[in-house]
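Residue numbers (our numbering): 225 to 432.
We put the beta carbon where it would ideally sit given N, CA and C, even for glycine.
As structure tokens, the structure follows; a few thoughts come after it.
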Amino acid sequence: MSQQEKNSSIPYPVKLVVGVLLMVGGTYLSLNSEKYLPFQKGLAEQGLPLDLGITVAVIGVFLMLFPVIQIFYLNPLSDAINERTSELEHTFTEAETLRSEMTKMRNDYEQRLAATEAEARSQIQAQIKEAQELRQSLMAEATAKADEMVKRAAEEIESEKQKVLSQLRTEVVTLTLAASEKIIGENMDTDKNRKLIAEFIEKVEVPS
């Protein structure tokens, strides 16, 4: 079962309830951190500011926004991968067709060689040598061309996939932070929060 199927097995109302609980609970913990999370003050004095309440609230907001993320991130990513896979399969088909044509040409040359066996030995040897060289050249050229087509298609797919992933990750992180800021009323756009959301996204991404 794929990661997307596992995520889809959890009903959205459950995710929404969990997200609301995490958001409310995290906000409450953040507002009452001195009472429930006294160790955070010591960490802050040591130069390690940590607000577990805000972190929990951000995760809650992310769960609430998961359907939006799935529509604008996971589904487009899956479609892009499927499209690139189809293009690669088409490239493989063209490569196999090219190899088949080269094989037919090789067979034609072999028939021509058989027809010249009745000629003088020197002429036969000359034609054999010429035909073999041409066959090797054609096969080498066809193989190199097919391999290059496959390699180029694979590189383009990987490059496009990474580009789409990077763009969508940035958009999802920005959307999540903006939503969190509106709900919590604090500036959430920090490197730590961006890193946290980015790591969470990587765990729910569709496997490549």
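query, result
"Could you say which of Ile-425, Ser-257 and Ala-339 lies nearest to Leu-276 if we only look at CA atoms?", "Ser-257"
"Near Arg-359, what residues of its chain come up, given a Cβ to Cβ distance below 7 Å and the 5 sequence neighbours on each side ignored?", "Arg-330 and Tyr-333"
"Look at Ala-377 and Leu-312 and say whether their C-beta atoms are less than 8 Å apart.", "yes"
"In this structure, does DSSP put Gly-409 in helix, strand or coil?", "coil"
"By a C-beta neighbour count over all protein chains shown, 10 Å radius and 16 as the cutoff for buried, is Leu-267 buried or exposed?", "exposed"
"Would you kindly report the start and end of the unbroken alpha helix (DSSP H) that includes Thr-276?", "In the sequence on display, residue 276 carries Leu and not Thr. It spans 276-288 - the alpha helix (DSSP H) in which Leu-276 sits, taken as one unbroken run."
"Give the straight-line distance between the Cα atoms of Thr-315 and Leu-389, rounded to the nearest whole angstrom.", "23 Å"
"Across the segment 391-400 and the segment 338-349, are there enough close Cβ pairs to call them in contact, namely three or more that are closer than 8 Å?", "no"
"Let me know the secondary structure DSSP gives Gln-391 once reduced to three states.", "helix"
"Per DSSP, what kind of secondary structure is Thr-340 in: helix, strand or coil?", "coil"
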